[in-house]
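Each remark here refers to the structure printed beneath this line.
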Amino acid sequence: MSAATEPRLSPFPGMDPYLENPDIWPDFHDRLAAAMSSVLNTALPDHYYARLQSRPELGIVMHQGRARRINPDVTVVRTEMREARALYETGGAAVLELPRTQVSPAVEFRLPDDMFRHPFVEIRSSTGGHKLVTLIGILSPANKCPGPDRQAYESKQQEILASDAHLIEIDLLRYGRRVLPSFELERQVAELDPAYLILLSRSPRRGDYWIDFSSYPVSLHDMLPCIPVPLQAPDPDVLLDLQYLFNRVYAEGPYSRMIDYRVDPDPPLEDEDASWADRLLRAAGLRDEVELAAQ
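When we follow our numbering, the leftmost residue of the sequence shown carries the number 2, and every step to the right adds one.
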């Protein structure tokens, strides 16, 4: 395989913290959910299927201590205003002996949608009315900030936990308050202090006054786990290798071209992790001594 066709892999062993940037995350989120659905559909028994669904969000995140929208302002996508005006100006009275045969230039605008559509994955059974069996959610930055997006996610979380569907939540974001269904679980997870967290709640392991969770805490130094995806009894779990999925999404996406590893990630790393990442990126040839000395 030539260098031009070799898959481009992240320099990090697991999750790449540079993908958490609010300007990069939505693209990664979409691609990860789509790849997850595709991989599951090749592994599920015939009477199950995985499909993408989406939830609307306002896209409000915290950035450098301030709330901001991820979506861009209205942008001009073709023809600068001054250029268009110059084409209309004649310098005097407009005299037309014949009708013109060319369309006048337009200034075209792109208006962003007020709502984001963040995908998640549903596994349903094609028998028995296409019942929801398992919901796999990927948390967004807006889910981890106070506001309507978090409230909507918490409502959906409680709805699933009160049903007979299984729930898997994938949190690949270091910043923000985790969306956990109880303060006690939040306390226990805080003691582990993972960079990333995957939670699994199986529907048979929920009682009137308790809920059991399986957690997969992940540090920045770890590979992402291979997790079980529960189905309806008596069907066995299907395995979902999150590191395989991540590598596939990174290799097929634009990230090796769009990320500048010479600068620190946004959000930044803690001191110890920043030093470790610095050594890792230097060893991978993505930072050199001159750049490091200049920082």
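The beta carbon of each residue, even a glycine, is placed where N, CA and C say it ideally should be.
Using a Cβ-Cβ distance cut-off of 8 Å, the region 235 to 242 and the region 181 to 198 are not in contact, since fewer than three pairs of beta carbons, one from each stretch, lie closer than that value.
By the Cβ-count criterion, K132 is exposed, with fewer than 16 other Cβ atoms from all chains shown falling within 10 Å of its own Cβ. Positions of the alpha helix (DSSP H) runs, each at least 4 residues long and wholly inside the region 122 to 174, are given as 149 to 162 in order along the chain. When only Cα atoms are considered, L193 and G177 end up about 16 Å apart. Assignment of S55 by DSSP, reduced to helix, strand and coil, places it in the strand class. Your pair L136 and E123 checks out as a contact, with CB atoms roughly 6 Å apart and the cut at 8 Å. Runs of the beta strand (DSSP E) spanning 3 or more residues and lying entirely within the region 213 to 254 occur at 215 to 219, 227 to 230 and 239 to 242, in chain order. A distance below 6 Å between beta-carbons, with the five flanking residues on each side excluded, links Y19 to the following residues of its chain, in chain order: I260 and P266. The alpha-carbon separation between G148 and L10 amounts to approximately 35 Å. A distance below 7 Å between beta-carbons, with the five flanking residues on each side excluded, links P231 to the following residues of its chain, in chain order: T135, H167, R203 and D238. Among the bridge pairs identified by DSSP, P120 is matched with S55. N42 counts as exposed, since fewer than 16 other beta carbons sit within 10 angstroms of its beta carbon. Between the region 281 to 288 and the region 27 to 45, the count of C-beta pairs closer than 8 Å stays below three; the two stretches do not touch. Judged by beta-carbon spacing, L162 lies within the 9 Å limit of I212, meaning their Cβ atoms are closer than that value. Under the three-state reduction of DSSP output, L201 falls in the strand class.
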